Amino acid sequence: MNRRALFILIVLYALIFSVLKTIRFPNDWSEAHWMLDYRFGFIKRGLAGEIFGLFSNKSEFSIFILSAAILGVLYFVLIYIAVRNADLKKPEMISYNALFFILFFLSQYIVFSAHLIGYFDHLILLMTILCIYLIRKKMVFIPSILMTIAIFIHEISFFLMLPICLFTLLVIEFKDKKFTFNNIFTKQVIKKYSVFLLLPVLATIIVSVYQEINGSDYFTKIIGYLKNISFISDFSADSVASAYTHTFTYYLKEESGYFFQRIFVSKCSIFYGIPILFMMFLTYKKFNTLNIYLLIILGISVLFPLLLHSIAWDTYRIWSFPYIILFLAYWVLNSEYRNEQFPEKNPLWVWILFIVCMLFLSLVSTPLFDGEAERFSLTDRMLILLPLSLGIIYYIKNPMSRS
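Under numbering that gives the first Met the number 0, the sequence shown has 227 at position 228, and the numbering climbs by one with no breaks.
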């Protein structure tokens, strides 16, 4: 079989398997977010609903169509990036690229993206991909504007977009230069970073300060409005109204005490953490000639979203974010740095770790929202995994097949 076709088939199989485990219609929490806008005055997360209302009558059906379209575009872009960066014409790199992308499409990020269809996360990540693309085209101001808009759509943008965009700026700036931490403080770099950061940081401050001062003023209006919508339950109306009006200091006070436990002493620390670390190891081995300081910044960027554990309770969802950030970083590095010093054959322990990570991601059930559970029994998963495993073995064992 054509090598490109086989790789596409493998990652599509992994994607479909992960999606089918949890795909559903948008829940009323996500629907409530799209229904909210600036009708009561300025509120955080109100921009998406405001723009949506300009182009469509807000209804359960229109929200479903919009949510499905956003998620479909996101999956298409992720598959496209993987295929374009698989280095199919370089047999020596097959193991690293194939292992990395297979694990990503089996990861909890894909599982949660299907389960949380309609969440603003997907829109934010599409905007992040666009920002990275524009930064790679040597643009700074337009990505800054996009990130500012994203902050007003959802403040989670600060944790998802900012680190990976800053990392991309560094990669582009020092692509052909020697990178050190001292070089960051040159006049040219500071100017470029200032242009990029000014508007997003200002937007974050505005949203945060406004939320502290006036956030609680709209609780009664928001909950009353949501309870009058037939497809929003009273429980979700109350939950969303609280999320829109509680201050950031309130969440920090309530959740920060669990931060250490959520990072180091949880189920996620093993079943999510080990695959993330292994994928970071694959990235390091693939780009082993890259400056160590840049790799350190990469690690910080990937793990930065875990700081959300200090202000949010949805532990499993937050642990899925490093996967997508690492995927985007791998894309950036693979596009800008072409490693011509091919590594030696993978030792046995690397393959053992890959199998362990693959089993963690495929066979261990992910706790979901709204009391739901993943589809497929353990036996079903093992049977579904068998064709994928055979495809992976064939792909890796035949590196010289024509692309």
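The beta-carbon is built from N, C-alpha and C at its ideal position, and this holds for glycine as well. The structure displayed is predicted, hence computed values, not measured ones.
If contacts are defined as beta-carbon pairs under 8 Å, then residue i and residue j qualify, I think. What distance do you get, rounded to the angstrom?
i, j, result
"Ser265", "Ser309", "14 Å between Cβ atoms; not a contact."
"Phe218", "Thr244", "4 Å"
"Leu281", "Tyr95", "5 Å"
"Leu293", "Phe178", "5 Å"
"Phe410", "Glu211", "The structure shown has nothing for residue 410, since the chain only spans 0 to 402."
"Lys220", "Phe39", "5 Å"
"Thr394", "Ala97", "Rather than Thr, the amino acid found at residue 394 in this sequence is Tyr. Confirmed, about 6 Å."
If I measure Cβ to Cβ from residue i and keep anything under 7 Å in the same chain, skipping five residues before and after, which residues do I get?
i, result
"Ser61", "Ser55"
"Pro304", "Phe158, Leu159, Ile317, Phe320, Pro321 and Ile324"
"Ile228", "Met34"
"Leu70", "Ser112, Ile116 and His121"
"Trp312", "Glu254"
Within the same chain, show all residues whose beta-carbon is closer than 8 Å to that of residue i, passing over the 5 residues directly before and after it, in chain order.
i, result
"Leu105", "Ala13, Phe16, Ser17, Met357, Leu360 and Ser361"
"Arg23", "Ala113, His114, Ile116 and Glu371"
"Asp379", "none"
"Val404", "Given a span of 0 to 402 for the chain in the structure shown, any question on residue 404 remains unanswerable."
Could you name the residues of the same chain whose beta carbon sits closer than 6 Å to that of residue i, not counting the 5 residues immediately before and after it, in chain order?
i, result
"Val331", "Thr167 and Val170"
"Gly298", "none"
In this structure, how does DSSP classify residue i when only helix, strand and coil are distinguished?
i, result
"Gly370", "coil"
"Ser402", "Unreliable placement is indicated for Ser402, whose pLDDT of 43 sits below 50; no coordinate value is reported for it."
"Arg38", "strand"
"Phe247", "helix"
"Tyr257", "helix"
"His153", "coil"
"Lys252", "helix"
"Val194", "helix"
"Asn168", "Rather than Asn, the amino acid found at residue 168 in this sequence is Leu. Looking at Leu168 - three-state DSSP - the assignment turns out to be helix."
"Asn287", "coil"
"Met138", "coil"
"Leu115", "coil"
"Thr282", "helix"
"Pro346", "coil"
"Gly272", "helix"
"Lys226", "helix"
"Lys396", "helix"
With a Cβ-Cβ cutoff of 8 Å, do residue i and residue j count as a contact?
i, j, result
"His153", "Arg44", "yes"
"Ser143", "Leu198", "yes"
"Ile163", "Ala328", "yes"
"Glu172", "Val188", "yes"
"Ala149", "Ile123", "yes"
"Leu159", "Ile324", "yes"
"Ile391", "Ile101", "yes"
"Phe111", "His32", "no"
"Phe368", "Asn26", "yes"
"Val72", "Leu145", "no"
"Ser441", "Arg135", "Only positions 0 to 402 of the chain appear in this structure, which leaves residue 441 out of reach."
Around the C-beta of residue i, are 16 or more other C-beta atoms found within 10 angstroms, so that it is buried, or is it exposed?
i, result
"Ala236", "buried"
"Leu19", "exposed"
"Ser29", "buried"
"Phe85", "The sequence shown places Ala at residue 85, not Phe. Buried, by the Cβ-count rule."
"Lys285", "buried"
"Met346", "According to the sequence provided, residue 346 is Pro. The question's Met does not apply to it. With fewer than 16 other Cβ atoms within 10 Å, it is exposed."
"Ile351", "exposed"
"Phe140", "exposed"
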